[in-house]
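Using numbering that gives the first Met the number 0, the first residue of the sequence shown is number 0, and each one after it goes up by one.
Even glycine gets a Cβ: it sits at the ideal position worked out from N, Cα and C.
Have a look at the structure below before the remarks.
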Amino acid sequence: MKVVIVESPAKAKTINKYLGKDFEVLASFGHVRDLPSKDGSVDPDHDFEMKWEVDAASKKRLTEITRAVKASDELILATDPDREGEAISWHVLEVLKQKKALKDKPVKRVVFNAITKNAVLDAMANPRDLDEPLVDAYLARRALDYLVGFTLSPVLWRKLPGSRSAGRVQSVALRLVCERETEIEKFKPQEFWTVTSNFEKDGTKFDARLYALDGNKVDKHDIKTQAEAEAIQAAIKAGDIVVDSVEKKPTKRNPYAPFTTSTLQQDASSRLGFSPSRTMQIAQRLYEDGSITYMRTDGVQMAPEAIDATRRQIAREFGDNYLPEKPRIYQSKAKNAQEAHEAVRPTDLSKTPAQLKNSDPDQKKLYELIWKRTMASQMRAAEIERTTADLRVGGERLIDLRAVGSVVTFPGFMTLYGVSTVDKDDENSKELPKLDTGDKPALLDVLAEQNHTKPPARFTEASLIKKMEELGIGRPSTFAATLGVLKDRDYVRLEKRTLIPEDRGRLVTAFLESFFERYVEYGFTAGLEEQLDEISAGNVQYKDVLTKFWRDFSAHVVEIKDLRVSEVLDALNTLLGSHIFPPKEDGTDPRKCPDCDTGMLSLKLGRYGAFIGCENYPECNHTRQLAESATGQAAETAGVGVIGQHPEFGVDIEMKSGRFGPYLEMVHEGEKKRAGLPKGWAPETIDLEKAVKLISLPREVGEHPEDGKMITAGLGRYGPFVLHNGKYANLPDIEEVFSVGLNRAVTVLAEKAAGGGRRGAAATLKELGDHPDGGPITVKDGRYGPYVNHGKINATLPKDTDPQSVTMEQALELIAAKAAKAPAKKRKAPAKKKAPAKKKPAAKKTAAKT
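This is the structure in structure tokens:
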């Protein structure tokens, strides 16, 4: 018997189908050991010794694996083909050595990029040894992240109360978001004017923009004033316009390369609206059921047999005309070839999206995206004819206009996989009429329009990942987790799919930039990633990298420990001044105290975080929350006021700001009707139509066909729901509350009832280890989603957090935050002691008469 070790039960189940009865496939359920979340887990004073811990759930699984290995003839480690997969195999092997379960049994390492029968059997026929340099790179990364987190976070807690923690990669990602927000705040729009001429020829209308003035090329922002624009406008209208030259140039647009982890996350975000973490969860399931290749990769290359299969499928679907003469070969930009796997692609190109057996709609959408991208990568380029026509305006001034258009003469790959919106050039997408030199098209109008320059756009999750990849920060497997940490710790929030830094995040970034500048530099962080690549390539010893880093980092931390609070405040006031003390409309000093009129406002640090206070304290007690300043105040008060009149009742619907956030209120016939805003709905986005919908909840859906009792739809503490006869069933989407029909509502209620009504004990998804105060910490699947549990404390996981990715550090933070919010239990007054009852005197015994 041969024992095969993989990570997940789903993977084990799939592989089990391909191997015979001589194999036993067991799952480790991810990592079996981790560094305990306490000081001393990595010991720099003893050659960076790492103390690993096995949680309760893993102990049970390792016991099963040990028992199976002892009874087997051979051990085969078949975990994922990347750094983490190699590390899981190493951990399992180390535990088995400690338990003396191996003896002289052969140990083999196999990897496959896809869970298909051919890939699995081929891997089994070509085993290799464990990749020690790859394991060393994992150990170096874990040690670096631990040393930064557990050394820097306590400094943050002491010097910057209210902050959560800092990490090696997450701090740099947070800096990107905060710097972009600062750029936006400091941006001052500049006025500029555009002059566009509208023409018509042979019944076709087209536009021409101002291209040159008096022989000098005009850039987009060159015309600064209305007077200048109107003078050009008048000159064009008065001039004699003739086509000076026409150039037709055929161009090609080549298809995109197949997906890497990063580009998959970016396209799934822009085309499907999936968050990076959601994309990876779906891709994981597609990989485990054998539908796609491994989804954590920075490689764009495809196996020769996959390229051949793709080309055959293109010929079947579209014909030979859509095939280039030679296969397209894409080269990976990965610096470390050992970790550059095949691109993300379907394992079987002949399986079209319509043939995917899985019924989950999100899996079908993601599979279709991957299938189309893979197919398109081997198709012919799109052929485009670009026409440029220059028109000369005769008159007092020499004015040149330019009209540009393009026509797709052969769609090529664009038939299947349209051009991304960021790659579109709308200016060149219109077709021009037939123009020849000397033609005089009819001038319809000349428009002079005022414009203003726009600030840089905020990062979306997709664009931040793209930027991190460009800078060399992090790796494909870490991007989604890094963004998740930033959101979970309330350092950033996601609003209209853009990332906005919270004040807490800006304070942390300002602190790190002031006192740990080198360690949040993009180049320094990217340099560490390159060193990790060098370790995995076997060119550098990992403990040499750790020694050099720790020598400088620990010395710097010692210096910072002696910082006075006043120094921290001075630095934060300087860096964040324009944010927390924005200029006033009346021009007065924004830092002047409004109460005492003599003191200056300054950032203060309290037990629960930062706030604004007067320097004359305690004589002046003026304080305000940090969120009340700058963008925080705007966000809180945005949309407050009358939104409009209810069309049926003719009374005002108002947006108000309450203790628990913004809400809607309507007073009709002396009765107040209120409605909170659903999660993700910003106050400034609420118009009258949305307000009427919300204030009208709950709405009646219809009578249940079985008992005739009314079904209603509404919003509750746990999101949208339908209600019938006291029984609730959740709806997946807020919009469905306003549109759900009777049939759909009955189905949702029936599905909920079929689920069993009351739940039994919550299923344990992951065991993290013991709390520093004692007792296990687990991740469980609750009625309303996953949560972490310690004793009687249950802390809900933030939305889009993968339960399997939760670390001990994250769990401790969530538990501590939940415990802090819990009301203190009232101690019962000790019961008054009752006075002891007086004993009755014992009855005298009387002698029996004889």
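Between residue i and residue j, what straight-line distance do the alpha-carbon atoms span, to the nearest angstrom?
i      : j      : result
Leu390 : Leu400 : 5 Å
Glu304 : Glu558 : 58 Å
Leu722 : Asp288 : 36 Å
Thr871 : Arg488 : Only positions 0 to 849 of the chain appear in this structure, which leaves residue 871 out of reach.
Val519 : Glu512 : 7 Å
Thr386 : Phe412 : 22 Å
Gln337 : Val299 : Any reading at Gln337 must be qualified, since the residue scores a pLDDT of 43, below 50, and its modelled position is unreliable; the value itself is stated next. Between Gln337 and Val299, the C-alpha separation is close to 14 Å.
Pro410 : Met378 : 10 Å
Arg66  : Tyr416 : 51 Å
Arg179 : Val407 : 37 Å
Arg344 : Phe258 : 7 Å
His45  : Lys817 : 37 Å
Lys765 : Leu34  : 15 Å
Asn117 : Thr746 : 42 Å
Gly756 : His90  : The predicted position of Gly756 is uncertain, since its pLDDT is 45 and thus under 50; no value can be drawn from it.
His850 : Gly576 : This structure gives no information on residue 850, because the portion of the chain shown stretches from 0 to 849.
Phe552 : Thr250 : 53 Å
Leu443 : Ala233 : 13 Å
Cys595 : Ala570 : 25 Å
Lys689 : Lys542 : 59 Å
Val217 : Leu209 : 7 Å
Asp438 : Ala380 : 34 Å
Pro153 : Arg295 : 33 Å
Leu748 : Leu693 : 22 Å
Glu618 : Phe510 : 29 Å
Gly586 : Ala230 : 36 Å
On the CB-based measure, 16 or more other CB atoms within 10 Å of its CB, does residue i come out buried or exposed?
i      : result
Tyr727 : exposed
Ala100 : buried
Tyr717 : exposed
Gly84  : buried
Pro275 : buried
Asn788 : buried
Val691 : buried
Gln264 : buried
His578 : buried
Gln809 : buried
Ser290 : buried
Lys779 : buried
Asp772 : exposed
Check whether the Cβ atoms of residue i and residue j sit closer than 9 Å, and answer yes or no.
i      : j      : result
Pro126 : Arg141 : no
Leu470 : Leu485 : no
Ala113 : Tyr329 : no
Val491 : Val171 : no
Thr452 : Val245 : no
Arg517 : Thr459 : no
Leu562 : Phe514 : yes
Met0   : Ser71  : yes
Ile222 : Thr193 : yes
Thr597 : Asn572 : no
Ala207 : Ser196 : yes
For a test of the three-state rule: what should DSSP assign to residue i, helix, strand or coil?
i      : result
Glu182 : helix
Pro188 : coil
Gly19  : coil
Asp206 : strand
Gly417 : coil
Ile472 : coil
Glu83  : helix
Tyr329 : coil
Ala619 : Sequence inspection shows Cys at residue 619; the Ala mentioned does not correspond to that position. Here Cys619 sits in coil by DSSP.
Glu627 : Unreliable placement is indicated for Glu627, whose pLDDT of 42 sits below 50; no coordinate value is reported for it.
Leu600 : strand
Cys595 : coil
His667 : strand
Met654 : strand
So does residue i have its beta carbon nearer than 8 Å to some heavy atom of the ligand MG?
i      : result
Lys603 : Looking at this structure, you won't find the ligand MG or any other ligand, since it has none at all.
**Item:** beta strand (DSSP E) runs wholly inside the region 683 to 732, at least 3 long, in chain order
**Value:** 698 to 702, 709 to 715, 718 to 723 and 726 to 729
**Prompt:** Residue ranges of each beta strand (DSSP E) run of no fewer than 3 residues wholly in the region 99 to 149, ordered along the chain?
**Reply:** For the region 99 to 149, whole beta strand (DSSP E) runs of length 3 or above, ordered along the chain, are 106 to 108.
**Message:** Ignoring anything shorter than 3 residues, give me the beta strand (DSSP E) runs that lie fully in the region 239 to 269, in order along the chain.
**Reply:** 239 to 252
**Item:** alpha helix (DSSP H) runs contained entirely in the region 273 to 337, provided each spans 4 or more residues
**Value:** 275 to 287 and 303 to 317
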